[in-house]
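Novice: Read top to bottom, the protein sequences are chains S and H.
Each number in the working numbering comes from the position in the first sequence (counting from 1) with 1337 added on.
Each number in the working numbering comes from the position in the second sequence (counting from 1) with 1337 added on.
Glycine included, each C-beta is placed from N, C-alpha and C at the ideal position.
2 protein chains.
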Amino acid sequence: MVGIPTLDDVARAAQVHPGTASRALNEETRSKVSPATVGRVLAAADRLGYTPNAVARGLRRQRSMTVGVLIPDLTNAIFPPIVRGIEESLSPRGFTAFVANTDNDDYRERRAFEAFRARQVDGFIFANARRDHGLIQEAFNLGIPSVLANRRTDKSLFPWVAGDDDDGVEQIVKHLVELGHTHVAHIAGPQNNSAGFARAESFRHFVKQHGLRELDCPVVIADAFDTESGGSATKQILHHFPAVTAIFAGNDMIAVGVLGALREAGVHCPVDMSVVGFNDMPLAKDLAPSLTTVAVSGQQLGAMAATLLLDEIAGVDRERTVLLPVELVVRESTAPPRVGALSLARQASAARE
Amino acid sequence: MVGIPTLDDVARAAQVHPGTASRALNEETRSKVSPATVGRVLAAADRLGYTPNAVARGLRRQRSMTVGVLIPDLTNAIFPPIVRGIEESLSPRGFTAFVANTDNDDYRERRAFEAFRARQVDGFIFANARRDHGLIQEAFNLGIPSVLANRRTDKSLFPWVAGDDDDGVEQIVKHLVELGHTHVAHIAGPQNNSAGFARAESFRHFVKQHGLRELDCPVVIADAFDTESGGSATKQILHHFPAVTAIFAGNDMIAVGVLGALREAGVHCPVDMSVVGFNDMPLAKDLAPSLTTVAVSGQQLGAMAATLLLDEIAGVDRERTVLLPVELVVRESTAPPRVGALSLARQASAARE
DNA sequence: CTGAAAGCGCTTACAG
DNA sequence: CTGAAAGCGCTTACAG
């Protein structure tokens, strides 16, 4: 026998009709075949090293057992664990994932979407949602089973899985207030991104609820969830809000940028400035100082998103929104504010205004 | 028209036979069809929003236009850029990637391999090679087109793309020697991994070539390319080799572990100890101190691996080994050794022996 | 230049 | 319980 064995090869070897071989090989239809025949077919399949051709099966069943995953930027440390979780959850149910980076670029995003559609994916996991997202709206109009991971659209189109940001932000604000901070700044992520938007909203809410004055708690919007944007936002804060003693960064990458800018400005973290991140990405604990942040299990998030999607594909009704528990991880980057006067560095920085 | 339009729908709308519609739609066969007919078919396809079913085409052509990518750990920051590069190179040629995490686990690895085979992938990119790798040997025996990315097997089975480690290590050793270091330690990655093995070999070679004494340049083998292993290896070095003034870490993650362990031991980097990493992963420049390391373009590496694979699939002969250029990026973590006596901290650390 | 037909490797109603 | 046949949506030699 040359080449990869097919069902016909197995049927011939087992001396049965291909239809019978197919039924014997398939768990769900096996009961329709006599045990003796099943035995012969299985033995033949085993002997030949037969693996069903998933492409042919997909064509016939009109189900590719394949899922498209759209990631905005795999280089952002929070997404790899999500991808892992997705695979973890897909694989035991016989599904496989196509993964594409979209780079927050409409063209690349659409290209990936269409390539995956042409490949007959049974559904999509979008980890790249913006609050107003044309492509996702389109997927909704086309009735394609989909789930949103991490970020969501303003309109409730598809089921959505994310960490409980509101709870995370409350824990952060509470932690800082308990340390004695009264002037806390927030560097928010882009506001067309639901995470950036929601965390900023929660921040404004909880800061007020914990008795801080709105004026003392400025929100600066970063251009992106990255270190550069975090750095330049920090410079703005140091310049315009010298009374601030704690910065809550919209995510860990922004926080890394904050730490860098503080170092550059000679502002010591945590003595002169506390810093909090969000996500607890892999290296957060290895930074100097190690980063206080809110942990969300990306793997769990991905796994849950995949589970919801598979249920949706199978026609099972499920909850539309899953908020995963989050946990504040206190490390070295937060401390009580320095009592009394501003540090020398902060004074100098303020004097330069 | 309900549901996704098929070729038959297009043919009917254009009033031609499906075979003709197929030829008109396909660039390579279009010249066999009269321009008028091509026009009608294209118009009909456009009007219906027709996209060819890649699964059906794959079945018929015996070519899925699909590639399997095996990544040992997507959470390791060097792999996401590689995946990006792979997609970058695949997509314009009409290919799409299945991606799986293997976690250096034989079982998961094999499961992914078989799932991808069942999906009729046209080839594999293995970024998870160990020097002696059963699964890759098996792929070779089966004659499956494949390319190794980053790591390789000892036996030359498939084409291989990687950074020029030997050159990178030479640049590192040269840099440290020029700074005045005479006692340099290397924390090598696992020796069943070609990168870990080759870098250690190169280190031993160049250290000698640059006139350092073998005895002064110990090599400690880390259990894994991660921070924990880097940390414990550092403790060993501080304990057993107090004269060492520079550590070359097998990769950046190990280097992060080194920095942490030094901080914990009160050894100042770079004043008391220089540290060099390898790979220039995304956060290397944001560490404190920022990390001197060797930059390899993961994206370029992935793109090249995909290109080699597609050529192999197309039956084009290509070079078997591509070494990409590397570049030493000097940052804050390296400096001349402190002259004269050991620092107090190092003395104390040595005294504790 | 176009049509008719076979076939890629499966699954699954339909008979018997 | 098993076989015969149709068909998923394409492509492509083969005629004409």
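Figure out for me which residue from S:G1548, S:R1447 and S:G1526 has the closest Cα to the Cα of S:F1615.
Specialist: Numbered from 1 along the first sequence, position 278 holds the residue referred to as residue 1615 of chain S. When each option's Cα is compared against that of S:F1615, the closest is S:G1526.
Novice: I need the straight-line Cα distance from H:E1446 to H:H1470, nearest angstrom please.
Specialist: Walking along the second sequence from the start, residue 1446 of chain H turns up at place 109. Walking along the second sequence from the start, residue 1470 of chain H turns up at place 133. Spanning the two alpha carbons is a distance of roughly 11 Å.
Novice: When you check each C-beta in the segment 1574–1608 of chain H against every C-beta of chain S, which residues fall closer than 9 Å?
Specialist: Residues M1590, V1593, G1594, L1596, G1597 and R1600.
Novice: At least one CB of chain S closer than 8 Å to the CB of H:A1643: is that the case?
Specialist: Numbered from 1 along the second sequence, position 306 holds the residue referred to as residue 1643 of chain H. Chain S contact via Cβ: absent.
Novice: So, does the CB of H:T1564 fall closer than 8 Å to a CB anywhere in chain S?
Specialist: Within the second sequence, residue 1564 of chain H is the residue found at index 227, counting from 1. It does; some Cβ of chain S falls within 8 Å.
Novice: Just curious, the beta strand (DSSP E) that H:A1643 is in, first and last residue?
Specialist: The residue you call residue 1643 of chain H lines up with position 306 of the second sequence. Segment G1635 to I1650 is the alpha helix (DSSP H) holding H:A1643; no beta strand (DSSP E) there.
Novice: Using a Cβ cut-off of 9 Å, pull out every chain H residue sitting near S:N1438, in sequence order please.
Specialist: Taking the first sequence and counting its residues from 1, the one referred to as residue 1438 of chain S is at position 101. Within chain H, the residues near S:N1438 are P1417, V1420, R1421, E1424 and E1425.
Novice: Is the distance from the Cβ of H:V1392 to the Cβ of S:Q1637 below 8 Å?
Specialist: Translated into positions along the second sequence, residue 1392 of chain H becomes position 55. Translated into positions along the first sequence, residue 1637 of chain S becomes position 300. Not in contact: H:V1392 and S:Q1637 (Cβ atoms no closer than 8 Å).
Novice: Is S:S1634 close to chain H? Criterion is C-beta to C-beta, closer than 8 Å.
Specialist: Counting from 1 along the first sequence, the entry for residue 1634 of chain S is found at position 297. It does not; no Cβ of chain H falls within 8 Å.
Novice: On the three-state DSSP scale, how would you describe H:V1506?
Specialist: Locating residue 1506 of chain H in the second sequence gives position 169, counting from the first residue. It is helical.
Novice: Is DSSP giving H:N1438 helix, strand or coil here?
Specialist: On the second sequence, residue 1438 of chain H is found 101 positions in, with the first residue counted as 1. Strand.
Novice: Could you tell me which uninterrupted alpha helix (DSSP H) segments, each at least 4 residues in length, are contained entirely in the segment 1522–1547 of chain S, listed from first to last along the chain?
Specialist: If we require 4 residues or more, the alpha helix (DSSP H) runs fully inside the segment 1522–1547 of chain S come out as 1531–1546.
Novice: What distance in whole Å lies between the Cβ atoms of H:A1437 and S:E1424, which are believed to be in contact at a cut-off of 8 Å?
Specialist: Translated into the one-based positions of the first sequence, residue 1424 of chain S becomes position 87. Translated into the one-based positions of the second sequence, residue 1437 of chain H becomes position 100. Going by Cβ atoms, the distance from S:E1424 to H:A1437 rounds to 6 Å, so yes, they are a contact pair.
Novice: Using DSSP with H/G/I as helix, E/B as strand and the rest coil, what is H:S1368?
Specialist: Counting from 1 along the second sequence, the entry for residue 1368 of chain H is found at position 31. If DSSP states are grouped into helix, strand and coil, H:S1368 belongs with the helices.
Novice: For H:D1501, collect the residues of the same chain with a Cβ closer than 7 Å to its Cβ; drop the 5 residues on either side in sequence, then sort them by chain order.
Specialist: Within the second sequence, residue 1501 of chain H is the residue found at index 164, counting from 1. L1660, L1661, P1662 and V1663, listed in sequence order.
Novice: Going by the DSSP bridge assignment, what does S:A1583 pair with across the sheet?
Specialist: By 1-based counting over the first sequence, the position of residue 1583 of chain S is 246. In DSSP, S:A1583 forms a bridge with S:V1521 and S:S1611.
Novice: What are the boundary residues of the alpha helix (DSSP H) that S:I1473 is part of?
Specialist: Against the first sequence, residue 1473 of chain S aligns to sequence position 136. Residues G1471 to N1478.
Novice: Inspect the beta-carbon positions of H:T1629 and H:S1670 and report whether they are closer than 8 Å.
Specialist: Indexing the second sequence from 1 puts residue 1629 of chain H at position 292. Indexing the second sequence from 1 puts residue 1670 of chain H at position 333. Yes; because the gap between Cβ atoms is below 8 Å, this pair is in contact.
Novice: Just how far apart, CA to CA, sit S:E1690 and S:H1577?
Specialist: Looking up residue 1690 of chain S in the first sequence gives position 353. Looking up residue 1577 of chain S in the first sequence gives position 240. Low local confidence applies: a pLDDT of 45 at S:E1690 is under 50, so the model's placement there is unreliable, with the coordinate-based value given in what follows. C-alpha separation (whole angstroms): 8 Å.
Novice: Which residues in chain S have a C-beta closer than 9 Å to the C-beta of H:S1428? List them in chain order.
Specialist: In the second sequence, counting from the first residue as 1, residue 1428 of chain H sits at position 91. A1437, R1445, R1448, A1449 and A1452, listed in chain order.
Novice: Who are the near neighbours of H:M1338 in its chain, counting only those whose CB is closer than 8 Å to its CB and skipping five residues on each side?
Specialist: Taking the first residue of the second sequence as 1, we reach residue 1338 of chain H at position 1. Residue placement at H:M1338 is poorly supported in this model, since its pLDDT is 40, which falls under 50; the coordinates still yield a value, given next. Contacts found: D1346 and L1385.
Novice: Assuming S:T1412 contacts H:P1342 (C-beta within less than 8 Å), just tell me the rounded distance between them.
Specialist: Residue mapping note: residue 1412 of chain S aligns to position 75 of the first sequence, counting from 1. Residue mapping note: residue 1342 of chain H aligns to position 5 of the second sequence, counting from 1. Actually they are not in contact, since the Cβ atoms of S:T1412 and H:P1342 sit about 37 Å apart, beyond 8 Å.
Novice: By how many angstroms is the C-alpha of H:L1575 removed from the C-alpha of H:L1552?
Specialist: Numbered from 1 along the second sequence, position 215 holds the residue referred to as residue 1552 of chain H. Numbered from 1 along the second sequence, position 238 holds the residue referred to as residue 1575 of chain H. Roughly 15 Å between the two C-alpha positions.
Novice: If you drop the 5 nearest sequence neighbours on each side, which residues of the same chain put their C-beta closer than 6 Å to that of H:R1657?
Specialist: Within the second sequence, residue 1657 of chain H is the residue found at index 320, counting from 1. Counting only Cβ-Cβ distances below 6 Å, and skipping sequence neighbours, we find P1496.
Novice: Secondary structure at H:S1493, three-state DSSP: helix, strand or coil?
Specialist: For the purposes of this step, residue 1493 of chain H is identified with residue 156 of the second sequence, where counting begins at 1. Coil, per DSSP.
Novice: Go ahead and pull the three-state DSSP assignment for S:L1620.
Specialist: By 1-based counting over the first sequence, the position of residue 1620 of chain S is 283. Of the three classes helix, strand and coil, the one that applies to S:L1620 here is coil, per DSSP.
Novice: Tell whether a beta-carbon distance below 8 Å holds between S:D1459 and S:M1402.
Specialist: If you number the first sequence from 1, residue 1459 of chain S lands on position 122. If you number the first sequence from 1, residue 1402 of chain S lands on position 65. Yes. Within cutoff.
Novice: Taking only beta-carbon positions, decide if S:S1493 is within less than 8 Å of chain H.
Specialist: Walking along the first sequence from the start, residue 1493 of chain S turns up at place 156. S:S1493 does not count as touching chain H.
Novice: What three-state label does DSSP hand H:E1664 in the structure shown?
Specialist: If you number the second sequence from 1, residue 1664 of chain H lands on position 327. Three-state result, H:E1664: strand.
Novice: Spatial neighbours of S:F1453 within its chain, please: CB distance less than 6 Å, with the 5 preceding and 5 following residues excluded, ordered by chain position.
Specialist: Numbered from 1 along the first sequence, position 116 holds the residue referred to as residue 1453 of chain S. Same-chain partners within the cutoff: G1405 and F1435.
Novice: For a contact defined as C-beta to C-beta under 7 Å, what are the partners of S:S1401 on chain H?
Specialist: On the first sequence, position 64 is the one that residue 1401 of chain S refers to. Per Cβ cutoff of 7 Å: V1392.
Novice: Let me check understanding here. Comparing Cα to Cα, which of S:S1634, S:D1563 and S:A1672 lies closest to S:H1605?
Specialist: Stepping through the first sequence from its first residue, residue 1605 of chain S is reached at position 268. If we check each option's Cα against that of S:H1605, S:A1672 comes out closest.
Novice: On a CA-only basis, which of H:D1503, H:F1540, H:E1475 and H:A1532 is nearest H:L1514? Give me that one, please.
Specialist: Numbered from 1 along the second sequence, position 177 holds the residue referred to as residue 1514 of chain H. Checking the sequence shown, residue 1514 of chain H turns out to be Val, not Leu. Measuring from the Cα of H:V1514, the nearest candidate turns out to be H:F1540.
Novice: Please tell me whether H:Q1474 has its Cβ less than 8 Å away from any Cβ of chain S.
Specialist: Position 137 of the second sequence holds residue 1474 of chain H. Not an interface residue.
Novice: Please say whether S:I1481 and S:L1494 have beta carbons closer to each other than 8 Å?
Specialist: On the first sequence, residue 1494 of chain S is found 157 positions in, with the first residue counted as 1. On the first sequence, residue 1481 of chain S is found 144 positions in, with the first residue counted as 1. Going by C-beta atoms, S:L1494 is not nearer than 8 Å to S:I1481.
Novice: Is the segment 1645–1653 of chain S touching the segment 1516–1526 of chain S in the sense that three or more CB pairs, one from each, lie closer than 8 Å?
Specialist: No: fewer than three Cβ pairs fall under 8 Å.
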